[in-house]
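So the number in this note's numbering is just where the residue sits in the sequence shown, counting from 1, plus 178. Note that the Cβ used here is the ideal one computed from N, Cα and C, for glycine as well. Computed from a predicted model, the values in this text were never measured in an experiment. Working notes, beginning with the structure itself.
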Amino acid sequence: MSNPIRYDRHARRRMRWRGISETEVEDTVLDPDRVEPSIRGRTNAYKQIGDRQIRVTFVETENGILIITVVDRSN
Numbered sequence: 179m180s181n182p183i184r185y186d187r188h189a190r191r192r193m194r195w196r197g198i199s200e201t202e203v204e205d206t207v208l209d210p211d212r213v214e215p216s217i218r219g220r221t222n223a224y225k226q227i228g229d230r231q232i233r234v235t236f237v238e239t240e241n242g243i244l245i246i247t248v249v250d251r252s253n
């Protein structure tokens with residue numbers, strides 16, 4: 179992969195609490211249903227995975243993609 183995906187500690191914690199896998203996060207970022215700009219140059223990517231709607235907030239840097247936070251929006 180040309181842009182490696184890295185995870186902020188906050189994102190890892192949120193993924194663990196919400197039962198969201200790295201595969202689900204990567205699918206959301208690399209093949210989103212919808213994308214919109216967020217604050218401070220970040221991007222929100224959304225994807226419906228089964229009965230869950232996942233939102234991933236990330237920033238693209240010269241070193242790859244940094245995942246900032248992950249949310250299950252279906253609750």
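Helix, strand or coil at residue i [DSSP, three-state]
{"i": "Asp229", "result": "coil"}
{"i": "Ile246", "result": "strand"}
{"i": "Ile198", "result": "coil"}
{"i": "Glu240", "result": "coil"}
{"i": "Arg190", "result": "helix"}
{"i": "Glu204", "result": "helix"}
Residue i burial status per 10 Å Cβ neighbour count (16 or more: buried)
{"i": "Ile232", "result": "buried"}
{"i": "Gly219", "result": "exposed"}
{"i": "Glu200", "result": "exposed"}
Own chain residues within Cβ distance below 6 Å of residue i, not counting five before or after
{"i": "Met179", "result": "In this predicted model, Met179 has a pLDDT of only 45, less than 50, meaning its place in the structure is not dependable enough to derive any value."}
Residue i to residue j span [Cα, whole Å]
{"i": "Ile198", "j": "Arg187", "result": "14 Å"}
Beta-carbon separation (whole angstroms), residue i vs residue j, contact threshold 8 Å
{"i": "Ile217", "j": "Val234", "result": "In fact, because the Cβ distance is near 15 Å, the residues do not count as touching under 8 Å."}
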